[in-house]
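J.: Here it is, the structure, as structure tokens.
Number of protein chains: 4
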Amino acid sequence: MAGNSFGQAFRITTAGESHGPGNVVIIDGCPSGIALSVDDLLFDLNRRRPGQSHLVTQRQESDVPEILAGVFEGRTTGTSLAILIRNEDQRSRDYNEIKDKYRPGHADYTYDAKYGFRDYRGGGRASARETVARVAAGVVAKKLIAEAFGGKVVGYVKQVGPIVARVDDPERVTLADVEAFPDGTPNLVRCPDRERAQEMIELIESVRKDQDSIGGVSEIVASNVPVGLGEPVFDKLKADLAKALFSLPAVLGVEYGVGFACATQRGSEHNDEFVAEESGTGVRRVVTRSNRHGGMLGGISSGMPIVLRAAIKPTSSLSREQRTVTNTGEGAIIRTKGRHDPCLLPRFVPIGEAMVAIVLADHYLRFRALRPA
Amino acid sequence: MAGNSFGQAFRITTAGESHGPGNVVIIDGCPSGIALSVDDLLFDLNRRRPGQSHLVTQRQESDVPEILAGVFEGRTTGTSLAILIRNEDQRSRDYNEIKDKYRPGHADYTYDAKYGFRDYRGGGRASARETVARVAAGVVAKKLIAEAFGGKVVGYVKQVGPIVARVDDPERVTLADVEAFPDGTPNLVRCPDRERAQEMIELIESVRKDQDSIGGVSEIVASNVPVGLGEPVFDKLKADLAKALFSLPAVLGVEYGVGFACATQRGSEHNDEFVAEESGTGVRRVVTRSNRHGGMLGGISSGMPIVLRAAIKPTSSLSREQRTVTNTGEGAIIRTKGRHDPCLLPRFVPIGEAMVAIVLADHYLRFRALRPA
Amino acid sequence: MAGNSFGQAFRITTAGESHGPGNVVIIDGCPSGIALSVDDLLFDLNRRRPGQSHLVTQRQESDVPEILAGVFEGRTTGTSLAILIRNEDQRSRDYNEIKDKYRPGHADYTYDAKYGFRDYRGGGRASARETVARVAAGVVAKKLIAEAFGGKVVGYVKQVGPIVARVDDPERVTLADVEAFPDGTPNLVRCPDRERAQEMIELIESVRKDQDSIGGVSEIVASNVPVGLGEPVFDKLKADLAKALFSLPAVLGVEYGVGFACATQRGSEHNDEFVAEESGTGVRRVVTRSNRHGGMLGGISSGMPIVLRAAIKPTSSLSREQRTVTNTGEGAIIRTKGRHDPCLLPRFVPIGEAMVAIVLADHYLRFRALRPA
Amino acid sequence: MAGNSFGQAFRITTAGESHGPGNVVIIDGCPSGIALSVDDLLFDLNRRRPGQSHLVTQRQESDVPEILAGVFEGRTTGTSLAILIRNEDQRSRDYNEIKDKYRPGHADYTYDAKYGFRDYRGGGRASARETVARVAAGVVAKKLIAEAFGGKVVGYVKQVGPIVARVDDPERVTLADVEAFPDGTPNLVRCPDRERAQEMIELIESVRKDQDSIGGVSEIVASNVPVGLGEPVFDKLKADLAKALFSLPAVLGVEYGVGFACATQRGSEHNDEFVAEESGTGVRRVVTRSNRHGGMLGGISSGMPIVLRAAIKPTSSLSREQRTVTNTGEGAIIRTKGRHDPCLLPRFVPIGEAMVAIVLADHYLRFRALRPA
């Protein structure tokens, strides 16, 4: 009820602040028998890690997790899993500025009003630092859906400021495309359209020089999802995915398939035609000729790729001066001297993927529970 | 887990199909002492009712609710409330066409795949008929938040096809503006911009003549919401509102404040400046000079109006021919002869409002539980 | 959170008062494809029905249920089921006596304190009338576990006052034994030990003549339960069963296997020895030679019969005078003139069985969700 | 759904095994502003600690907790709290015996059947070691209820084997009485009846010499509980308390007030008479002259002390030989060489108290949410 848990059958619960001892996640409902190691966790934790490139915050965290419970002889036991990621770079810096002043765009004011006081060190629980625990849980979810149905979740940066990547077939984008260019150069901005990626990097660098920040859009695609995930009415798959994405800091919009563009479409343009497809093994399966619906019909997965986009606002922390008030209502000027990302998009990708994977893992287990008697 | 409940402290559970005996909602967690009558329920039920104008489906339902439990001597008892709305217009028509064919854009195929069979009469549980139970529950939620903090939820149609209403100050739109024009003429399309409203009506009429349908966008505003509703991390207010909206049929996108437009903004353009405002009684309160954030910061209500928009796809049922397959994978032609809305927007308004009110009622009770010791 | 729902995967939500329009249950999470009719429901509803014999309350209710949703062509659809049982015998009698006076042993005082007022007609929501909805849901649960694993739940009266039935092998007691004696005479008290049954009937009749009531113990046995139901730690099967039983009115104690007698046992006397048993098909399965543990080890079903007992207090309503206070704190004398059971045990049997079946159905679905990947 | 969380508004989630790195609890829903230190936690952790006396297991654990999150400047922040207690005494001993053999009375067999394999080191997640996390959470719950309503939970040993303590007024037993005798001697067995306590100690010592174990009963009393806690129907306070107690290892019975003795009582003997009492400040409050009901009526706290008893089976691990089978179904002899308690009762007291306090904290927050509008 206090909002630190997510999911029903595959359920994660997190705790941790930006500058406390660390962040911990308990995963309840992971079936037994899944191979899991610290190295498995490190892959996505490194994709999310601060300091990974000059485009992101320079906070230094190794983010090496410790598995506290739930794994025995390299496999999950079926009982609750706990993973701890300690905070390391907790500079004993002067927090007095943000202690009393409300940073525009941040949760400082709403936390103070809600709780009567707050852990002001770097945003406390409201810091995006908490997403480290989600990414660790996302690795477990990814392993579960991969084993269970070959499920795959790939996210990438679709837009930074006015620069929009061209991605003709979202389903074909691979993790490799997102992480590196064909020549092996790291894809620092995680945009699979190389030309636009370069423009995005230049824009982010320029924005940072201006002591400013910039927004963008991330697209996430889940493929190999079986038909039938999602529950009618309130727990539609699109509803739970949206909740998952909007539970992330800075997300101001989510859309599926054609998304907001559906507003100007007619039914005859929008509806996707059903066709029967001969699969390799001669079994007929029903698919749609196009995927304007984004992979869910009636809130239930249709077997087509799930395609969604999340709009991410520009980072709220700015090195330049902003006007605000103090907690006693006095006018004030604030400059956020700390380390922050000029654009949240590159690090958002593994975080968004994690949330999508967690929802799919959850709905897969729910599907197992509720399938026909 | 099977998705027919929503909310945690103020929790609704529904059952009912399009052509079964009726739809029922149980509301658990409504505090005692709230005045509630059938007439209270009828107001919004009538706004949602089929057959209310020539713009909407001509299915005839009186939608008079029966309060089965939870009200004594005109007031809620604090124990669970149950409301039943019977179905009346269940034409004993030939359903054979949709029995075997998958209607494009509908849940016929996904339900068949998930459950092994389905109630094919008018969509069964996947029909928008189920929203009648939500609207009844929404009335109770609206009464609760009005009594508790003067909370008000007003929705309207912002866009139909390419026609976008001009609404300068969303917070000032009243229920009266939405339901009727200043001269008392009913506002059939529920768009407060009269000129655009007329254009929208003409567009809807023309689309219907084409045996087609059209999408749109609804904007919903919640005002007088106190600071502090919403929980950090997973149950952010924006996350629960988004889940609520996306749990409705046909919603393909949701955004807050500037929404997707944030992608092209810089932090210095996007952030809303905090200022201290002298209230009437001399108390200082913190507000923001602008409301690009849409009323929530860190996922917690900021005291500014909550402003959101939902993108609604064009009605899937079309009177014109569409190509599809049968449940045995044979190609087929389908024409939906039944009664359906050429545009979902006018009837969406009370439904969207209901979901927003339910989320606010829920988070208000959660706020009471978790406020500082 | 307001306590009108029970279960997680197989989840029931109820509403209804003693003298309102009726009682309704929504069952969420029942898999599709289970045959269900009004007649199926009537069997246990009749076992619970008031007026079924001279031993129980003479309130007249036909308790014929209406299935409002979730069944199509005689089978469950997989979406939410709703069942309504209307109240009929709502005598327009003078409630003024209990309106202002707190009946000893009842919830009148605690409801008034909690809610500020109460539906005083026959106890309102606190009346055992609410169990009619549980029994309807229990029928669905019994059908589910019977289909899924041949699961069977049989309850009976073990003790009334000082009279304790002799039941040598709880697992062998059948529904037939409980409902009638070998000669076909109805077993009004639902005790399978015929001699003690006769004594119990005489005791109940004598207690009623004294305008008094009497307590007792019911024993419930679940058999054919597969190994592995129940979750470690908080949702142990014994924990959820106990919650289910204690959620019923008048239950003051619950115990499993040897129960409270374990306090005087040594480990060497108490532990049940494991042995391997050749099943009919030559498969070896592990069983225990004795069943002092009551069918659960570590909170998880062991495959042995689950045996539990619930202690039921004497009916609180008495026709004789009792001393109490009014809601303004004045001393008063109260006599409950209404119709009530002199002993709750005979009608408790189907109610207790229903709750056990609901827990098993729930844990069976949870088991399906969480079984090894 | 996998059972590692408990509570709704005040909700704890735990992870950890007997011989893994440690045990962790996340507490979600603790209001902000409660003072909390490691020392606060240590008090009850020490009461539960192995090795505290010669009567209990000699496993050596310092059980010093680390607060990982949720406390800032010595007070709870209102966001999720995490506490880690590392395991220290994880002897690298030969587990081969229990690896393949099913210990009678333990969860070895049911875990193997459920999960396909198990962490066999000392019982893994099924070990009573997991209760260390509950006791830490219980300290937070005790602080919350003490601040909120002066709530107090005191448990003690009522019975060991045939020795039953005489406790005339359960409400008057203090923590001091339970922890030490009037002369300051530590009360190793936690029984407030000194004479019986001495007999219990002798019995436990003798049982241990016999390489055997012994059961018992613990009584727990909660006082100063306000009227109105607990929800009607399924979440009755007695139901949630029973679930809490039965979720503990080795509990085979729970009863309230007169408990199972109600079976032989008549209503006229059992019902507690209401009387109005002048409080110190002249306010009249309603109480009952006796407390056979055990502090709850209709499942809702009546304002009288809550009195419950739990029956605890004799420790399953025995140093003497027991017959059993291996995981391949072969007959075998087992002797548990490890360290274990000959009687669970002395260490049960703080564990049982913790669970009662957690339920009261949860229902108190729920009460705040749902009180009259």
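Residue numbers (my numbering), protein chains in the order written: chain A, 1254 to 1626; chain B, 1254 to 1626; chain C, 1254 to 1626; chain D, 1254 to 1626. We put the beta carbon where it would ideally sit given N, CA and C, even for glycine.
#1: So N1524 of chain B and G1358 of chain A are supposed to be a Cβ contact under 8 Å. How far apart are they, rounded?
#2: Does DSSP classify C1444 of chain D as helix, strand or coil?
#3: Do we get a CB-CB distance below 8 Å when we pair C1515 of chain A with the residues of chain B?
#4: In the DSSP assignment, what residue or residues form a beta bridge with R1545 of chain D?
#5: Please report how far the alpha carbon of V1578 of chain D lies from the alpha carbon of A1360 of chain D, in whole angstroms.
#6: Count the other C-beta atoms from every protein chain shown that fall within 10 angstroms of the C-beta of S1532 of chain C, then say buried if there are 16 or more, exposed otherwise.
#7: Measuring straight from C-alpha to C-alpha, what distance separates G1273 of chain A and L1295 of chain A?
#8: At a Cβ threshold of 8 Å, is Q1518 of chain B touching chain C?
#9: Taking P1479 of chain D as the reference, which of D:V1388, D:A1399, D:D1422 and D:V1407 has the closest Cα?
#10: Over the uninterrupted alpha helix (DSSP H) stretch that includes G1605 of chain D, give me the two end residues.
#11: Chain B beta carbons: is any one of them nearer than 8 Å to that of E1455 of chain D?
#12: May I have a chain-ordered list of the beta strand (DSSP E) segments no shorter than 3 residues that lie completely inside the stretch 1332-1385 of chain D?
#13: Note down, in chain order, every chain A residue with its Cβ under 8 Å from the Cβ of T1568 of chain B.
#14: What residues of chain D sit near G1282 of chain A, judged by a beta carbon separation below 7 Å?
#15: Which chain C residues sit within Cβ distance under 7 Å of R1537 of chain D?
#16: What's the gap between the Cα of H1616 of chain C and the Cα of D1421 of chain B?
#17: So, does the CB of L1441 of chain C fall closer than 8 Å to a CB anywhere in chain A?
#18: Name the chain D residues that come within less than 9 Å of E1400 of chain B, Cβ to Cβ?
#19: What three-state label does DSSP hand P1485 of chain A in the structure shown?
#20: Looking at the secondary structure, which residues open and close the alpha helix (DSSP H) in which L1294 of chain A lies?
#21: Could you check whether the Cβ of D1372 of chain A sits closer than 8 Å to any Cβ belonging to chain D?
#22: Is the Cβ of G1548 of chain A closer than 8 Å to any Cβ of chain B?
#23: Smallest Cα separation from V1486 of chain A: which of B:L1482, B:Q1305 and B:V1504?
#24: Give the straight-line distance between the Cα atoms of I1473 of chain C and G1408 of chain C, rounded to the nearest whole angstrom.
#25: Expressed to the nearest angstrom, what Euclidean distance is found between the alpha-carbon atoms of G1304 of chain C and T1310 of chain C?
#26: Starting from F1527 of chain A, trace the alpha helix (DSSP H) both ways and give me its first and last residue.
#27: Return no unless some Cβ of chain C is closer than 8 Å to the Cβ of E1484 of chain D.
#28: Under three-state DSSP, which class holds I1320 of chain C?
#29: What are the start and end residues of each continuous alpha helix (DSSP H) run of 4 or more residues lying completely inside the stretch 1404-1442 of chain A, in chain order?
#30: With a threshold of 8 Å between beta-carbons, can Y1617 of chain D be considered close to chain C, or not?
#31: What does I1279 of chain B touch in chain C if you count any residue whose Cβ is under 8 Å from its own?
#32: Against A1288 of chain A, what residues of chain C qualify as contacts under a CB-to-CB distance less than 9 Å, listed in chain order?
#33: What residue range does the beta strand (DSSP E) around S1306 of chain C cover?
#34: Counting C-beta neighbours from all protein chains within 10 Å, is the total for D1292 of chain D 16 or more, i.e. buried, or is it exposed?
#35: Output yes if chain B places a C-beta closer than 8 Å to the C-beta of F1434 of chain A; else output no.
#36: In the DSSP assignment, find the unbroken beta strand (DSSP E) run with D1493 of chain C in it and report its ends.
T.: According to the structure shown:
#1: Confirmed, about 4 Å.
#2: coil
#3: yes
#4: R1545 of chain D has no beta-bridge partner at all, per DSSP.
#5: 14 Å
#6: exposed
#7: Going from the Cα of G1273 of chain A to the Cα of L1295 of chain A covers about 21 Å.
#8: Not closer than 8 Å to any Cβ of chain C, the Cβ of Q1518 of chain B fails to qualify, so no.
#9: D:A1399
#10: L1598 to L1623
#11: no
#12: 1334-1339
#13: Neighbours of T1568 of chain B on chain A, chain order: G1520.
#14: The answer, in chain order, is M1254 and A1255.
#15: G1582
#16: Approximately 54 Å, taken between the alpha carbons.
#17: Contact with chain A is absent for L1441 of chain C, since none of that chain's Cβ atoms lies less than 8 Å from the residue's Cβ.
#18: What E1400 of chain B touches in chain D: A1626.
#19: coil
#20: Taken as a continuous stretch (DSSP letters only), the alpha helix (DSSP H) holding L1294 of chain A covers V1291 to R1301.
#21: yes
#22: no
#23: Selected option, being the one with the closest Cα: B:V1504.
#24: Approximately 4 Å, taken between the alpha carbons.
#25: The alpha-carbon atoms of G1304 of chain C and T1310 of chain C are separated by roughly 6 Å.
#26: Run containing F1527 of chain A: none in the alpha helix (DSSP H); it sits in the beta strand (DSSP E), F1527 to E1531.
#27: yes
#28: strand
#29: 1428-1432
#30: no
#31: For I1279 of chain B, the residues of chain C that pass the 8 Å Cβ criterion are N1257, T1266, T1267, A1268, V1277 and I1279, in the order they occur in the chain.
#32: Per Cβ cutoff of 9 Å: no residues; A1288 of chain A is ~10 Å from chain C at best.
#33: Segment: none, S1306 of chain C is in no beta strand (DSSP E) and carries neither H nor E.
#34: exposed
#35: no
#36: Looking at the DSSP string, D1493 of chain C is not in any beta strand (DSSP E); the run it does join, the alpha helix (DSSP H), is L1490 to F1499.
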